[in-house]
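Asker: A single structure is presented below for examination.
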Amino acid sequence: MSLKISQVDESQNQAVLNIEVEPEELEEELQRVYRRVVTRINIPGFRKGKASRDVVERFVGRDALIEDALENLVPNMTSKAMQEKELDVVATPRVQVTQRDPVVIEATYALRPTVKLGDYKSLKLEQEQIEVTDEQVDDLVETVRQQMGTWEPIERAVSFNDMVTIDVQGIVDGEVNVDETGIDYVLVAESISPLPGFSEEIAGCNPGQDKKFTLPFPDDYPDTNMVGKECEFTVLIQEAKERKVPALDDDFVKTINMGVETYDELRTQFREDLLLQNQNAADQRFEDLVIKAVIEEADLELPEILIDEEIHHILGEQEEALRRQQLSMDSYLSTIGKTPEDLHEEARLPAIEKIKRTLVLRQMAEDESIEVTNEEIETEIDTVMQFQGAIAGDNSFGQYINSEEGRRSVQNVLKNRKTIQMLVDIAKVSSGSSASKPAKKATAKKATAKKTTAKKTTAKKTTKK
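Going by this note's numbering, 1684 is the number at position 250 of the sequence shown; the sequence numbering is gapless.
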């Protein structure tokens, strides 16, 4: 494809090109569009697929054909222009068609920024001292014990941690806001579900009892339209249950199938599990601190196009997550009282941090000549495929990960992993070693400062099956 390319500007890690397609190239693309369109439309007086090019143009309009042709021409033009100008591009170019016949577009490319790394080889950070307390083990044992409990009917007045099956109706401003039957609800002190004080109102009631009460919507309620209003509840307690938990003995140990026989052995196993869990969490925090320190010492300027593209990606993932919950972005924004512009601004800092992390690690891998072998890629693909339970070539994921793009993605993951491990090894302060510089203190809390407490059952509504 023949192109006329003129460079308009190059500044702030962005290059702006004017790209013109020769008329014969546009004509060739228009002919392809015509051959595709003529088989899809019905033109009076002609059999489908038999109308001539000029008839089709008069019927749908030449501008419509050009618009269709641009869908293929624009990405091809911008890609070829990038290659001809040997641009090191890090984002999808921003394009604007400034002329249609002949086709002229203005393409703005985000160029890979120059990354100046700091003195990362002298970086030293103190690691957390990991230990597991008896209290943490006690909490884990109690959590498992509660999970093994069963709900049994009661006739007494209900109290916190009991579960009730209720019919509930809520009236706000004279209109029904809640109308549910057969809802299982666990009473938890100071619960905010559905409103603060709901559990406290139910506590003390008996099975079969009706109760009416009014609760205000708190100032921090997610739906800001409800703040300042009150909900008039009518609740019927159908039945109530309490949780019966097993005794802490060897019989209890055998029921949880942990591969141990006695209570003492169970505590030993839990201690080892907690130690591994705490160590993994501490390792991740240390890794994050190391990368953060390296990024803070690096000097790079990000093109705005690259930032916008990453923000778009972050918001796209957020919208997809909402869709999986059968929520729309509009309803979500209404609930939290924010605008699309608010979300865009909130995503800006995470986008910048993610881009800097990617570019800094990439530059470091280049400087350190970190490579990934084909064998390592194959091993990683096999591991991922086993984890996904997929068979290569038998589904979309298997096809992707074995494609050129998929293998390149795996290669980048492995290269990042090696680069991060190199940084972690550099930053670790060996026990007993005397560094020439005092090690910086890690800002993450020690594992012992974070108690592993038994999780409270949160108050929530669940549909009774």
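Note that beta-carbon positions come from the ideal geometry of N, C-alpha and C, so glycine has one too.
Hey, does GLU1751 have any beta-carbon neighbour from chain D nearer than 9 Å?
Answerer: In the structure shown, chain D cannot be found, because there is only a single protein chain.
Asker: Answer yes or no: do GLN1822 and GLY1832 have a C-beta to C-beta separation smaller than 9 Å?
Answerer: yes
Asker: Return helix, strand or coil for PHE1480, following the three-state DSSP convention.
Answerer: DSSP places PHE1480 outside both helix and strand once states are collapsed to three, so it counts as coil.
Asker: Look at the Cβ atom of LEU1795, then the Cβ atom of THR1702, and state whether they are nearer than 9 Å.
Answerer: no
Asker: Here's the rule: buried if 16 or more other CB atoms are within 10 angstroms of the residue's CB, otherwise exposed. What is SER1837?
Answerer: Its Cβ having fewer than 16 others within 10 Å, SER1837 is exposed.
Asker: Taking the CB atoms as reference points, tell me whether ARG1719 and VAL1566 lie closer together than 9 Å.
Answerer: no
Asker: Have a look at ASP1722, THR1526 and GLY1771 and flag the residue whose alpha-carbon is nearest the alpha-carbon of ARG1791.
Answerer: When only C-alpha atoms are compared, the closest one is ASP1722.
Asker: Taking its Cβ as the centre, do 16 or more other Cβ atoms sit within 10 Å of MET1597, making it buried, or is it exposed?
Answerer: In the assembly as shown, MET1597 is a buried residue. Its beta-carbon has 16 or more other beta-carbons within 10 Å.
Asker: Since VAL1455 contacts PRO1536 with CB under 8 Å, what's their CB separation in whole angstroms?
Answerer: 6 Å
Asker: Considering Cα atoms alone, identify which of PHE1632, VAL1538, ASN1640 and VAL1620 is closest to ILE1588.
Answerer: Out of PHE1632, VAL1538, ASN1640 and VAL1620, ASN1640 has the C-alpha closest to the C-alpha of ILE1588.
Asker: Scan the stretch 1675 to 1735 and note each continuous alpha helix (DSSP H) run of 4 residues or more that stays entirely inside, going in chain order.
Answerer: 1684 to 1689 and 1697 to 1731
Asker: Kindly indicate which three-state DSSP category ALA1525 falls into: helix, strand or coil?
Answerer: coil
Asker: Decide yes or no for the touch test of the stretch 1473 to 1489 against the stretch 1572 to 1579: beta carbon pairs closer than 8 Å, at least 3 of them.
Answerer: no
Asker: Give the range of the beta strand (DSSP E) segment to which VAL1537 is assigned.
Answerer: Start and end: 1537 to 1544.
Asker: With burial defined as no fewer than 16 other Cβ atoms inside 10 Å of the residue's Cβ, what is the status of GLY1827: buried or exposed?
Answerer: No answer about GLY1827 holds up, because its pLDDT of 48 lies below 50 and its placement is not dependable.
Asker: Can you check the stretch 1563 to 1625 for any alpha helix (DSSP H) of at least 4 residues that lies completely inside it and give the ranges in chain order?
Answerer: Within the stretch 1563 to 1625, the alpha helix (DSSP H) runs of at least 4 residues that lie entirely inside it are, in chain order, 1568 to 1581.
Asker: Could you check which residue in ILE1729, GLU1738, ILE1770 and GLN1759 has the C-alpha nearest to that of ASN1659?
Answerer: ILE1770
Asker: With a threshold of 6 Å on Cβ separation, who are the neighbours of MET1516 within its own chain once the five nearest residues in sequence on each side are excluded?
Answerer: Here the set comprises VAL1523.
Asker: Ignore the nearest five residues each way along the sequence and tell me which others in SER1765's own chain have a CB closer than 6 Å to its CB.
Answerer: For SER1765, same chain residues with a beta-carbon under 6 Å away, outside a window of 5 residues either side, do not exist.
Asker: Taking just the CA atoms, how far does GLU1562 sit from LEU1710?
Answerer: Those two C-alpha atoms are separated by around 14 Å.
Asker: For my contact list, TYR1554 and GLN1448 are in at a C-beta cut-off of 8 Å; report their separation, rounded to the angstrom.
Answerer: The pair is not a contact, with the Cβ atoms about 28 Å apart (cut-off 8 Å).
Asker: May I ask you to report which of helix, strand or coil DSSP gives ARG1534?
Answerer: strand
Asker: Would you kindly work out how many angstroms separate the C-alpha atoms of ILE1804 and LYS1849, rounded to a whole number?
Answerer: When rounded, the distance between both Cα atoms is 7 Å.
Asker: Using C-beta distances below 6 Å, list every residue in its chain close to PHE1686, excluding the 5 sequence neighbours before and after it, in chain order.
Answerer: By the criterion of a C-beta distance shorter than 6 Å, PHE1686 is surrounded in its chain by PRO1680, once the five residues flanking it on both sides are discounted.
Asker: Is the separation between the beta-carbon of ILE1815 and that of ARG1851 shorter than 9 Å?
Answerer: Taking 9 Å as the cut-off, the beta carbon of ILE1815 is found no closer than this to the beta carbon of ARG1851.
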